[in-house]
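Novice: From first to last, the protein sequence lines are chains A and B. In this text, residue positions in the first sequence follow full-length UniProt numbering: the first is 1, and each later residue adds one. In this text, residue positions in the second sequence follow full-length UniProt numbering: the first is 1, and each later residue adds one. Quick reminder that beta carbons are idealized off the backbone N, C-alpha and C, glycines included. Here the structure is a predicted model, which means the values were calculated and not measured. Sharing a structure below in structure tokens format, with a few things to ask.
Number of protein chains: 2
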Amino acid sequence: MTTTEAAVPSLSIGEVAERTGLSVHALRFYEREGLLVGPVQRTSGGRRRYTSFDVEWLLICVKLRESGMPLADLKHFAELVRHGPGNEAERLRLLDAHRQRVDAQIQALEECRSVIAWKVGVYAEHLARGEAGGLWDPTP
Amino acid sequence: MTTTEAAVPSLSIGEVAERTGLSVHALRFYEREGLLVGPVQRTSGGRRRYTSFDVEWLLICVKLRESGMPLADLKHFAELVRHGPGNEAERLRLLDAHRQRVDAQIQALEECRSVIAWKVGVYAEHLARGEAGGLWDPTP
DNA sequence: ATTTGATCTAGACCTCGCTCTAGATCGTAG
DNA sequence: CTACGATCTAGAGCGAGGTCTAGATCAAAT
Chain A
1 MTTTEAAVPS LSIGEVAERT GLSVHALRFY EREGLLVGPV QRTSGGRRRY
51 TSFDVEWLLI CVKLRESGMP LADLKHFAEL VRHGPGNEAE RLRLLDAHRQ
101 RVDAQIQALE ECRSVIAWKV GVYAEHLARG EAGGLWDPTP
Chain B
1 MTTTEAAVPS LSIGEVAERT GLSVHALRFY EREGLLVGPV QRTSGGRRRY
51 TSFDVEWLLI CVKLRESGMP LADLKHFAEL VRHGPGNEAE RLRLLDAHRQ
101 RVDAQIQALE ECRSVIAWKV GVYAEHLARG EAGGLWDPTP
């Protein structure tokens, strides 16, 4: 013990859950599914200890998941990183493909947004006019 | 109440599937789940005939679903419309709440996008430099 | 020493949103 | 009339992504 603690903080699963927004269940699930780059360290008593690298990786996972990357792709990415250098081109392809999907998703959402906003406007106007106006039903 | 009888072509389920992008299975499923405003008309032989109103509504449903509205909310919206006028304020709330969620989603995606784009940049640069550079692993 | 709370494993279970199957019927083309 | 494809119903099945349970163990506080 003594001086080395500050360099490798080593968090418990609960602390990691707090920091990543994932539940402890999800953390264990991700590990089982092979979504982590390396095996999580354990204490003598068998409890998980996460390094800051683990947490960083998990934060990336969260971002990728948030943006709709399937767990399978995440797993693939983790495998690539796990096998070390030499496959950066593939990692790049994977990420870039995902970025493109995200772009498409943003575009689609913006289109939806404008359709919805227009509808909201229709209803708002209708209400403002004291609901006397003609609002035909299969909502215009 | 509509002006043109000829403008109500009455489509089969297959045709509606084509036009909406939903499968025939999904169309029957949506109907069972009460996601449609009215009951779909039937031929004497029991086959569904969709009006252009049905199709319009379904196209709205598709947009709302695409942007992540759960079927339960869609059902609620359909119920409001089904019960006719008088609840426009609630319809407005429902749609506007969804619009806000979509906005948040777009924002989140844009954040993800920039994180990913940055990472793509890191890998690309690394590769351009002939992968001699230092790429530490839990992907920087 | 005891209690309390966090964590452990393995595996069952859940929600969501469809998708598919089976077996019957309809309707049109030859 | 016969075939054949589209449609019908009821209900089972599926894949994704977790979530939850049971029963045990660990670690810290009283």
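#1: Do the CB positions of Arg113/B and Ser67/A come within less than 9 Å of each other?
#2: Would you check if there are 3 or more beta carbon pairs closer than 8 Å linking the region 41 to 54 of chain A to the region 10 to 18 of chain A?
#3: With respect to the alpha helix (DSSP H) encompassing Tyr30/B, which residues constitute its N-terminal and C-terminal limits?
#4: Could one say the Cβ of Gln41/A lies closer than 9 Å to chain B's Cβ atoms, at least one of them?
#5: Excluding sequence positions up to five away, which residues of its chain have a Cβ less than 6 Å from the Cβ of Trp57/B?
#6: Tell me, which residues are paired with Tyr50/A by DSSP?
#7: Does the Cβ-Cβ distance between Val24/B and Gly14/B come in under 9 Å?
#8: Considering only residues of the same chain and omitting the five flanking positions on each side of Glu90/B, which have a CB-CB separation below 7 Å?
#9: Pick out whichever of Gly121/A, Val102/A and Tyr30/A has its Cα sitting closest to the Cα of Lys75/A.
#10: When you check each C-beta in the region 103 to 133 of chain B against every C-beta of chain A, which residues fall closer than 7 Å?
#11: Can you give me the C-alpha to C-alpha distance between Leu27/A and Pro70/A, rounded to a whole angstrom?
#12: Closest by CA to Gly121/A, which one among Gly46/B, Glu18/B, Arg99/B and Leu64/B?
#13: Keeping to the same chain, check which residues put their C-beta closer than 8 Å to that of Val55/B; ignore five residues upstream and five downstream.
#14: Note down the Cα distance separating Ala124/B from Gly130/A, rounded to an integer number of angstroms.
Specialist: Considering the structure as presented:
#1: Your numbering for residue 113/B matches position 113 in the second sequence. Your numbering for residue 67/A matches position 67 in the first sequence. Yes, they are a contact pair.
#2: yes
#3: Residue 30/B sits at position 30 when you count from the first residue of the second sequence. Residues Val24 to Arg32.
#4: Locating residue 41/A in the first sequence gives position 41, where the first residue counts as 1. For Gln41/A, the answer is no, since every Cβ of chain B falls outside 9 Å of its Cβ.
#5: On the second sequence, residue 57/B is found 57 positions in, with the first residue counted as 1. Only Val37 meet the Cβ criterion.
#6: Taking the first sequence and counting its residues from 1, the one referred to as residue 50/A is at position 50. Partner(s): Leu11/A.
#7: On the second sequence, residue 24/B is found 24 positions in, with the first residue counted as 1. On the second sequence, residue 14/B is found 14 positions in, with the first residue counted as 1. The answer is yes: Cβ separation under 9 Å.
#8: Reading the second sequence from its first residue, position 90 is the one you call residue 90/B. If we look at Glu90/B and ignore the five residues flanking it on each side, its Cβ neighbours are Leu80.
#9: Stepping through the first sequence from its first residue, residue 75/A is reached at position 75. Comparing Cα-Cα distances from Lys75/A to each of Gly121/A, Val102/A and Tyr30/A, the minimum goes to Tyr30/A.
#10: Asp103, Gln105, Ile106, Ala108, Leu109, Glu110, Cys112, Arg113, Val115, Ile116, Ala117, Lys119, Val120, Tyr123, Ala124, His126, Leu127 and Glu131
#11: Residue mapping note: residue 27/A aligns to position 27 of the first sequence, counting from 1. Residue mapping note: residue 70/A aligns to position 70 of the first sequence, counting from 1. Cα-Cα distance, rounded: 16 Å.
#12: Counting from one through the first sequence, the residue named residue 121/A turns up at place 121. Gly121/A has its Cα closest to that of Arg99/B, out of Gly46/B, Glu18/B, Arg99/B and Leu64/B.
#13: For this step, residue 55/B is matched to residue 55 along the second sequence. Leu11, Val16, Arg19 and Thr20.
#14: Within the second sequence, residue 124/B is the residue found at index 124, counting from 1. Within the first sequence, residue 130/A is the residue found at index 130, counting from 1. Spanning the two alpha carbons is a distance of roughly 59 Å.
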